[in-house]
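Chemist: I am attaching a structure below and will ask some questions about it afterwards.
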Amino acid sequence: MESTIGKLFRKSLSLAKRKFRCPVCGYLGPFEGFCGSSGFRKHARCKVCSSLERHRLQILVLRELMKQLDTATMKMLHFAPEKMFSEFFSAQFGDYETADLSMEGVDYKVDLQCMPFADSSYDFVFASHVLEHIPDDIEAMKEIYRILRPGGIAVLPVPIVAVETVEYPEPNPEEEYHCRAPGVDYMERFSQVFREVKVFSSDMFDDKYQLYVYEDRTRSREHVPLRPVMSGRKHKDFVPVCFA
Numbered sequence: 020m021e022s023t024i025g026k027l028f029r030k031s032l033s034l035a036k037r038k039f040r041c042p043v044c045g046y047l048g049p050f051e052g053f054c055g056s057s058g059f060r061k062h063a064r065c066k067v068c069s070s071l072e073r074h075r076l077q078i079l080v081l082r083e084l085m086k087q088l089d090t091a092t093m094k095m096l097h098f099a100p101e102k103m104f105s106e107f108f109s110a111q112f113g114d115y116e117t118a119d120l121s122m123e124g125v126d127y128k129v130d131l132q133c134m135p136f137a138d139s140s141y142d143f144v145f146a147s148h149v150l151e152h153i154p155d156d157i158e159a160m161k162e163i164y165r166i167l168r169p170g171g172i173a174v175l176p177v178p179i180v181a182v183e184t185v186e187y188p189e190p191n192p193e194e195e196y197h198c199r200a201p202g203v204d205y206m207e208r209f210s211q212v213f214r215e216v217k218v219f220s221s222d223m224f225d226d227k228y229q230l231y232v233y234e235d236r237t238r239s240r241e242h243v244p245l246r247p248v249m250s251g252r253k254h255k256d257f258v259p260v261c262f263a
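Add 19 to a position in the sequence shown, counting from 1, and you land on the number used in this note's numbering.
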């Protein structure tokens, strides 16, 4: 009779050989492992376009949103612009602008907590994995709400790495200067600011895209001492879509 360890090994080996479809570039095949600030993740990176789990989930959510929007007539602001999304957004939106606090080559260098833009300036705002770097994230959300036109949309995903959010006493340089470890409960913060929030998750799309984070979070790590351990080695990712 096969042991439990033998079954787990066989299942892991089967998954390692499995082919996935990248919704960003169309690649079909196995995904690579990736070592990020929180540790090693299996089946994380596309071999062709280097998209990670979050990018694949976000592009699927964005495509769903675009079906309902006349983006050619809309003005968009993209914070901390990633190249793969910059190309996608610039082809979709009639007016596309970029911003960041320190990144070179953006249209505006701004602090998300205090932006110089007039009220109701944009129809769409995208800021992926940005709010965990902001000391006063609620103030940043309020600023995003302020610059959105009525009915505008903000897509504001953060890395969900805990069950409950943990605020750090200071930004952690070992964690790309994150100010907090967002938990599953972080999604509730958006409802404090925005009129309506719809949360998309990994389990809402086909498994062929591999949108889960395969990461062992059951052990504490020296470089993230305040981050609590989590059970399990397969975790859902989330994309909050916030409506003004």
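Idealized CB from N, CA, C, for every residue including glycine.
Nothing here was measured: the structure is a model prediction, and the numbers come from that model.
1) Determine whether the beta carbon atoms of CYS261 and VAL216 lie at a separation below 8 Å.
2) Thinking C-alpha only, which one of SER139, HIS152, ASP114 is nearest LEU131?
3) Can we say the segment 99 to 112 touches the segment 72 to 86, given the rule of at least three CB pairs closer than 8 Å?
4) For HIS97, count the other beta carbons within 10 Å of its own beta carbon; 16 or more makes it buried, fewer makes it exposed. Which is it?
5) For a test of the three-state rule: what should DSSP assign to HIS242, helix, strand or coil?
6) Would you please state the rounded distance, in angstroms, between the beta carbons of LEU230 and ARG75? I believe it to be under 8 Å.
7) Where DSSP assigns a beta bridge to CYS269, which residues make up the other side?
8) Report buried or exposed for PRO192, applying the criterion of at least 16 other Cβ atoms within 10 angstroms of its Cβ.
9) Can you look up LEU175 in the DSSP assignment and give me helix, strand or coil?
10) From the DSSP output, read off the bridge partner residues of ALA263.
11) Taking the alpha carbon of CYS133 as the reference point, which residue from ARG165, HIS254, GLY48, PRO178 has its own alpha carbon closest?
12) Decide yes or no for the touch test of the segment 246 to 254 against the segment 166 to 185: beta carbon pairs closer than 8 Å, at least 3 of them.
13) For the candidate residues ARG168, GLU123, ALA137, whose alpha-carbon lies nearest to that of PHE213?
Modeler: Reading off the structure:
1) yes
2) HIS152
3) yes
4) buried
5) coil
6) 6 Å
7) This structure cannot settle anything about residue 269, because the visible part of the chain is limited to 20 through 263.
8) exposed
9) coil
10) DSSP output for ALA263 lists no bridge partner at all.
11) ARG165
12) yes
13) ARG168
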